Amino acid sequence: MITKSLKARKDDLSSPKNQLEFLSEGIFEEGELPYFRDKIAETHNLPFKPKKLEILQLNLGYMCNQVCSHCHVDAGPDRKEIMTVETMKQCLEVIKNTGAHTLDLTGGAPEMNPNFRWFVEEAAKAGIQDFIVRSNLTIILANKKYHDLPEFFKKHNVHVVSSLPFYKREKTDKQRGSGVFDKSIKALQMLNAVGYAQEGTGLKLDLVYNPSGAFLPTDQEAMEQDFKKALKEDFNIDFGSLFAITNLPISRFLEYLIASENYEDYMYALVEAYNPAAVENVMCTNTISISWDGWLYDCDFNQMLELKVNSKVQHISEYNEDILNDRNIIISQHCYGCTAGAGSSCQGTVA
1 MITKSLKARK DDLSSPKNQL EFLSEGIFEE GELPYFRDKI AETHNLPFKP
51 KKLEILQLNL GYMCNQVCSH CHVDAGPDRK EIMTVETMKQ CLEVIKNTGA
101 HTLDLTGGAP EMNPNFRWFV EEAAKAGIQD FIVRSNLTII LANKKYHDLP
151 EFFKKHNVHV VSSLPFYKRE KTDKQRGSGV FDKSIKALQM LNAVGYAQEG
201 TGLKLDLVYN PSGAFLPTDQ EAMEQDFKKA LKEDFNIDFG SLFAITNLPI
251 SRFLEYLIAS ENYEDYMYAL VEAYNPAAVE NVMCTNTISI SWDGWLYDCD
301 FNQMLELKVN SKVQHISEYN EDILNDRNII ISQHCYGCTA GAGSSCQGTV
351 A
């Protein structure tokens, strides 16, 4: 099990430039597989454009209490990038005036940002329709200062979206580390205890599933029923929806694919599963992703590859929604991950 980020290990793949070069070479450069720009041109007009902005996704920092093998953020305890109060204040001004209906806080573990609670309190005042915090669950038990997070989330009517790779211990711990499953189960029980996913409370609790290996998610609806049955019977846990998210071939998952000699097979699987219908609703069409230091991206994955929005407005300090809505979306080979099969977004399948 890895214990440090690619960046801390000074791995070549810690460089977004190296990742993009790797993804453009080999089977793509040799013509065995089509570049994504050529594939999408077969079914859609280019340049690829956004639709109505619905979601502002803020990454509050790459620091995390876990070092998961599939993490596209390359998050971990050794990552020190954290959004400052100054950048948070700039984000709050945008939140107050945006046409987006959803605010989505992510990380790392967003709760590890020292100003997380202050920001949630201020952002909640803006009256956003759906206020999401993406939690890895184990953070709730990582330190006693986080033990009251379920009550804090409840107070501000936060929609908790939690990562749980599987409803069995072995698969979860293999992907996320020893003991993660038991801590995740305890955290889910704590959320249920304060009213999350309980009838009549209005407190939303959803789960996120990522495959543990070099394969695509199976049917999201069927998996949701399996998760609900197992978690209820074994642990008396309730939740709302399950979001199945395809692992994109970047960062630590790309490292895994290369090390396990699954890279080419996985890319073939993604390309062969390309679905024009999924393209219509991929998250870059309705989302702006904001990094810990305030730069703007088409999606969370482009953020990790340092592919800033193709616009004269590129930072939160100069945010202009009208100008951003007129941009062209930046695409590359990793985009096959969001357009394969039923498609993938931070809200699960899209087709």
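The opening residue of the sequence shown carries number 1 in our numbering; numbering runs sequentially from there.
Note that the Cβ used here is the ideal one computed from N, Cα and C, for glycine as well.
Every value quoted in this text rests on a predicted model; they were computed, and no experiment measured them.
{"Asked": "Selection from Tyr196, Asn210 and Asn136 that minimises the alpha carbon distance to Ile237", "Found": "Tyr196"}
{"Asked": "Where His159 falls, given that 16 or more other Cβ within 10 Å makes a residue buried", "Found": "buried"}
{"Asked": "Sequence-distant residues of the same chain with beta carbon closer than 8 Å to Ile206, five excluded per side", "Found": "One detail in the question is off: residue 206 reads as Asp in this sequence, not Ile. So the list reads His159, Val160, Val161, Ser162, Phe239, Gly240, Ser241, Leu242 and Phe243, once near-sequence residues are dropped."}
{"Asked": "Unbroken alpha helix (DSSP H) run spanning Phe181, endpoints", "Found": "Val180 to Ala193"}
{"Asked": "Cutoff 7 Å; reference Val194; Cβ partners in own chain excluding five residues on either side", "Found": "Pro150, Glu151 and Lys154"}
{"Asked": "Buried or exposed by the 16-neighbour rule on C-beta atoms within 10 Å, applied to Trp118", "Found": "exposed"}
{"Asked": "Environment of Pro249 [buried if 16+ CB atoms lie within 10 Å]", "Found": "buried"}
{"Asked": "Identified DSSP bridge partners for Ser135", "Found": "Ser162"}
{"Asked": "Three-state class that DSSP yields for His315 in the structure shown", "Found": "strand"}
{"Asked": "Cβ pair Thr102, Gln129 closer than 8 Å", "Found": "yes"}
{"Asked": "Option in Ser15, Asp182, Asn281 and Leu141 with minimal Cα separation from Met112", "Found": "Leu141"}
{"Asked": "Terminal residues of the beta strand (DSSP E) in which Phe235 lies", "Found": "Premise fails: Phe235 lies in the alpha helix (DSSP H), Gln220 to Phe235, not in any beta strand (DSSP E)."}
{"Asked": "Cβ pair Asn275, Ala351 closer than 8 Å", "Found": "yes"}
{"Asked": "Cα-Cα separation between Lys299 and Ala259, rounded to whole angstroms", "Found": "The sequence as given places Cys at residue 299; Lys does not occur at that position. If I take the Cα positions, the gap works out to 26 Å."}
{"Asked": "Straight-line Cα distance separating Phe166 from Ser135", "Found": "15 Å"}
{"Asked": "Nearest-angstrom Cα separation, counted from Val94 out to Asn320", "Found": "9 Å"}
{"Asked": "From Phe28, Lys17, Asp11 and Lys7, residue whose alpha carbon lies closest to that of Glu264", "Found": "Phe28"}
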